[in-house]
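See structure below.
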Amino acid sequence: MKKNRLNKDKAVRIFQFEHWLRFYFIEEEGKLLTFNFDEEFLNELRINYSPLNEIAENLNGKYLSPEVSQKTIVEFLQKHFEQEGRDVVTPILDSQPFLRELQLFNVWVSLFEDTLEKEILPFEKWVQIFEKWKSSEQAKKILYSLKMDKIEKPTSNEIN
178 MKKNRLNKDK
188 AVRIFQFEHW
198 LRFYFIEEEG
208 KLLTFNFDEE
218 FLNELRINYS
228 PLNEIAENLN
238 GKYLSPEVSQ
248 KTIVEFLQKH
258 FEQEGRDVVT
268 PILDSQPFLR
278 ELQLFNVWVS
288 LFEDTLEKEI
298 LPFEKWVQIF
308 EKWKSSEQAK
318 KILYSLKMDK
328 IEKPTSNEIN
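Heads up: the sequence shown is residues 178 to 337, going by my numbering.
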């Protein structure tokens, strides 16, 4: 079976989907966080977001931590995009364009959290709103500052 090609945009979308699930559907059980999706919701995800629904299915009923989320996403990426004998996932996840896009997305969620919390928006609506915001002056300035943070600044010894 031929695997799909992974690129930055696909990888970002997968991380965004997991973030969307956490944003709207996470539940607290004491001090622990979990997902308790019912079968009807999982079926909706299968219909509307296949194969991303596998992320929800794999997280369903598990106690969440950053490690559990990361492991679930990486396993999904490997299943759908790894090619025999080639690691195509790691170079993309380690790339500056991917990391900046994900940072920009996280900034967007933080900036618009109150608006996003007003109602449960479909994932595709989240993506649409984010993509539109990315072309705004505010987003361009934030992206520029993220790029500048990654530039190695010379030490005073190197300047003199």
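Don't be surprised by glycine CBs; every beta carbon is placed ideally from N, CA and C. Note that this is a predicted model, so its numbers are computed, not measured.
Closest to residue i by CA distance: which of the options is it?
i	options	result
L320	E290, K309, Y226, R277	R277
Q280	E217, E314, Q193, R182	Q193
F218	W285, E234, Q255, K256	E234
L298	A316, Y201, K317	Y201
L270	N213, W310, M325, E252	E252
W303	F282, S322, E314, N220	F282
P274	E231, D186, W310	D186
E296	N184, W197, S313	W197
W285	N184, F258, K318, L183	K318
Y226	I203, K239, E195	E195
F214	G238, N184, K208, P228	G238
P228	N181, R199, E314	N181
Using the Cα positions of residue i and residue j, report the straight-line distance between them to the nearest angstrom.
i	j	result
E290	L241	21 angstroms
S322	V266	26 angstroms
N220	D326	42 angstroms
Q247	I306	25 angstroms
I191	F258	12 angstroms
F300	A316	20 angstroms
Run through DSSP, which three-state label would residue i get?
i	result
R263	strand
E204	strand
E296	coil
S272	coil
I336	Because the pLDDT of I336 is 36, which lies under 50, any placement of that residue in the model is unreliable, and the question is left without a value.
F289	coil
L183	coil
S322	helix
Return yes when the Cβ of residue j is within less than 8 angstroms of the Cβ of residue i, no when it is not.
i	j	result
T249	I232	yes
L254	L183	yes
L222	N230	yes
Any heavy atom of the ligand NAD within a distance shorter than 7 angstroms of the CB on residue i?
i	result
E221	By its list of ligands, the structure shown contains no ligand whatsoever, and the ligand NAD lies outside what it can speak to.
Query - Segments of 4+ residues assigned as alpha helix (DSSP H) that fall wholly inside the segment 192-254 - result: 216-226, 230-236
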